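Novice: Counting from 1, position 82 in the sequence shown corresponds to residue 82 in our numbering; the numbering is continuous, with no gaps.
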Amino acid sequence: MKMQLIQWYPGHIAKAEKQLTTHLEKIDLVIEVRDARIPLATSHPYLQKWIKNKKHLMVINRKDMISNKAITSWDKWFKQQGQPFWWCNAKNGDGIKQIKEAAIELGEELNQRRSFRGMRNRAVRALTLGFPNVGKSALINRLVNKKIVQSSRKAGVTKSLRWVRVGQQLDLLDSPGVLPPKLEDQEAAIKLAICDDIGQASYDVESVAIRFLEIMNEIKLINIAGIQSDILNSRYGIDIKKHRTNPHLWLEDAANYHTSGDKCRMAQRLLDDFRKKLIGPISLELP
Numbered sequence: 001m002k003m004q005l006i007q008w009y010p011g012h013i014a015k016a017e018k019q020l021t022t023h024l025e026k027i028d029l030v031i032e033v034r035d036a037r038i039p040l041a042t043s044h045p046y047l048q049k050w051i052k053n054k055k056h057l058m059v060i061n062r063k064d065m066i067s068n069k070a071i072t073s074w075d076k077w078f079k080q081q082g083q084p085f086w087w088c089n090a091k092n093g094d095g096i097k098q099i100k101e102a103a104i105e106l107g108e109e110l111n112q113r114r115s116f117r118g119m120r121n122r123a124v125r126a127l128t129l130g131f132p133n134v135g136k137s138a139l140i141n142r143l144v145n146k147k148i149v150q151s152s153r154k155a156g157v158t159k160s161l162r163w164v165r166v167g168q169q170l171d172l173l174d175s176p177g178v179l180p181p182k183l184e185d186q187e188a189a190i191k192l193a194i195c196d197d198i199g200q201a202s203y204d205v206e207s208v209a210i211r212f213l214e215i216m217n218e219i220k221l222i223n224i225a226g227i228q229s230d231i232l233n234s235r236y237g238i239d240i241k242k243h244r245t246n247p248h249l250w251l252e253d254a255a256n257y258h259t260s261g262d263k264c265r266m267a268q269r270l271l272d273d274f275r276k277k278l279i280g281p282i283s284l285e286l287p
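Here it is in structure tokens:
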């Protein structure tokens, strides 16, 4: 089965991107949110153009979705790149306190410069930016400590920009997930689809599930990837080893066993199980 080209640029994203350009002048800090399972694929290609001279705070969300070994490995890699970053799990609040403190600290630096110019102190204005469904709204709810913006494990829920106050020191601008108009890196686009970080209308579920099986086969011997030995066999009762070179056949066997031969439904089940961490914490990207 030939993989169809994955592209997704719905009207609300195009509109939000235009609105972003008008708000950027008011912004002091960009809080970029990435998905721990694919921290490179969820790096927006326009980020540096948008940041310019703004402060940048990179947050890697869903740390619970990858292994501790993968976290350690990415720690080392990002430090080598000279890129400050913060891990978090917006679902349970792990790491939120440190992110809030870091944002406020950057705001204090801003107000020191304002004081030198004879200007009054004010709350730091931060934009939360990232691909769809990486957890921006969940992060904001944790920072505010109440459900103030809609959050869902589904791409495209946030459709407009909204300011949210976090105490007296921090104002956050919640934005919809933003994608480039054209996804040049199709391998990265496939990873977005696997992780549910792009609208489902943009891809064929069966093709993406098959590519997911191929990626698992490619990285399974890398310890930090977190793939448990024979996890597919133990969970679905179908031995992936005999279909190592042809995951289409594994999906077909699994569909015959579990979904009355419906390969699309079996493909969706496999992807959903990965997204719910039911087949373990798996890193689809490794440093």
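Just so it is clear, CB atoms sit at the ideal spot from N, CA and C, and this is done for glycine as well.
Nothing here was measured: the structure is a model prediction, and the numbers come from that model.
Please classify Y257 as buried or exposed, where buried requires at least 16 neighbouring CB atoms within 10 angstroms.
Specialist: exposed
Novice: Which residues in the same chain as G237 place their Cβ atom closer than 7 Å to its Cβ, once the five residues preceding and following it in sequence are excluded?
Specialist: Y257
Novice: Let's see if you can read the secondary structure: which residues bound the beta strand (DSSP E) around N61?
Specialist: It spans K55 to N61 - the beta strand (DSSP E) in which N61 sits, taken as one unbroken run.
Novice: Is DSSP giving E184 helix, strand or coil here?
Specialist: The answer is coil: DSSP assigns E184 none of H, G, I, E or B.
Novice: For F85, report the span of its beta strand (DSSP E) as first-last.
Specialist: F85 to W87
Novice: Just to confirm the assignment, what range does the alpha helix (DSSP H) spanning L40 have?
Specialist: First-last for L40: undefined, no H or E at that position.
Novice: For A201, count neighbouring Cβ atoms within 10 angstroms of its own Cβ and tell me buried if that reaches 16, exposed if not.
Specialist: exposed
Novice: Among S207, D185, I66 and K15, which has the Cα closest to the Cα of R265?
Specialist: Considering only alpha carbons, the answer is S207.
Novice: Indicate the three-state DSSP secondary structure (helix, strand or coil) for L161 in the structure shown.
Specialist: coil
Novice: Name the residue from A189, L129 and P287 whose alpha carbon lies nearest to the alpha carbon of Y46.
Specialist: L129
Novice: To the nearest angstrom, report how far apart P247 and R34 are at their CA atoms.
Specialist: The C-alpha of R34 is placed about 29 Å away from the C-alpha of P247.
Novice: To the nearest whole angstrom, what separates the beta carbons of A103 and L29, a pair I think is in contact under 8 Å?
Specialist: 6 Å
Novice: At 4 residues or longer, what runs of the alpha helix (DSSP H) sit wholly inside the segment 202–286?
Specialist: 205–219, 231–236, 247–258 and 263–275
Novice: Is S151 helix, strand or coil by DSSP?
Specialist: Unreliable positioning characterises S151 in this predicted model, as indicated by a pLDDT of 47, which lies under 50. A coordinate reading is not provided.
Novice: Name the residue from E285, G226, K15 and L270 whose alpha carbon lies nearest to the alpha carbon of R235.
Specialist: It is L270.
Novice: Under a Cβ-count criterion, where at least 16 other Cβ atoms within 10 Å of its own Cβ denotes burial, should P281 be classed as buried or exposed?
Specialist: buried
Novice: Grab me the residues of G344's own chain with a C-beta within less than 8 Å of its C-beta, minus the 5 sequence neighbours each way, in chain order.
Specialist: In the structure as shown, the chain begins at 1 and stops at 287. Residue 344 is therefore absent and cannot be evaluated.
Novice: My output table needs one value for I31: the three-state DSSP class, helix, strand or coil.
Specialist: strand
Novice: Specify the secondary structure class of R125 as computed by DSSP and reduced to three states.
Specialist: strand
Novice: If we ignore side chains and look at the alpha-carbon of each, how far apart do S175 and I6 end up?
Specialist: If I take the Cα positions, the gap works out to 23 Å.
Novice: List, from N- to C-terminal side, the alpha helix (DSSP H) runs of 4 residues or more that fit wholly inside the segment 70–116.
Specialist: 96–116
Novice: As a quick exercise: from R142, L172 and L213, pick the residue whose alpha carbon is nearest that of K97.
Specialist: R142
Novice: Along the chain, where does the alpha helix (DSSP H) that runs through L24 open and close?
Specialist: Unbroken run through L24: none, as it is neither H nor E.
Novice: Check G130 in the structure and name its three-state DSSP category.
Specialist: Strand.
Novice: Determine the DSSP secondary structure at D171, reduced to helix, strand or coil.
Specialist: strand
Novice: If you reduce the DSSP assignment to three classes, tell me which class V166 lands in.
Specialist: strand
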